[in-house]
Amino acid sequence: MKKGAGQLVDGSVYLDANLDESLFLTPVDTTKRVSDYMIDLRSKEVRDVKILIPEKMEVSSLPAPYQIHTAWVDFCRTYSQAGNQIVMHKECVIHHRRVPRSEIPAWNKIISDWGAACNEQVVLKEK
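Using the working numbering, the letters of the sequence shown correspond one by one to residues 97 to 223.
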């Protein structure tokens, strides 16, 4: 689990709702690889992270929705607000475990983009 999930800067609070890291979705080192890459398992992972908005704060901005669909994996991350609560919803569906060696750079880009999308911050400001 990550530490330091929030920062206060100039009266605004920047929150990182992505408090966990995926255990098997990491970039693949291609420097010495001679074979295809096998993702650990086919799976569907769904996570909801709920953030309560303090009474004297309001949402300044939420990250735009993110999704990508490939032969290997579907990723979807959304934020929603209802009352004084923000929900980050993440879905990761692994379809095919084998990534051909020639396509590992594309896989690494997908994983990098997914990580960046999940690490976008929620911004709260004082009312």
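For every residue, glycine included, the Cβ atom is placed at its ideal position computed from N, Cα and C.
- The segment 158 to 169 and the segment 178 to 193 touch, with three or more beta-carbon pairs separated by less than 8 Å.
- For residue 178, the three-state secondary structure derived from DSSP is strand.
- In terms of Cβ geometry, residue 221 and residue 153 form a close pair [threshold 8 Å].
- DSSP places residue 144 inside the beta strand (DSSP E), whose first and last residues are 139 to 148.
- Put simply, of 146, 207, 125, 194 the residue whose alpha carbon is nearest the alpha carbon of residue 218 is 146.
- With respect to the 8 Å criterion, residue 150 and residue 175 are not classified as neighbours on the basis of their beta carbons.
- Inter-residue distance for residue 185 and residue 206 is about 19 Å (C-alpha atoms, whole angstroms).
- Excluding residues up to 5 positions away in sequence, 207 lie with their Cβ nearer than 7 Å to the Cβ of residue 122 in the same chain.
- Counting only runs of 4 or more residues that sit fully inside the segment 181 to 216, the alpha helix (DSSP H) segments are 200 to 214, in chain order.
- Judged by DSSP in its simplified three-state form, residue 107 adopts coil rather than helix or strand.
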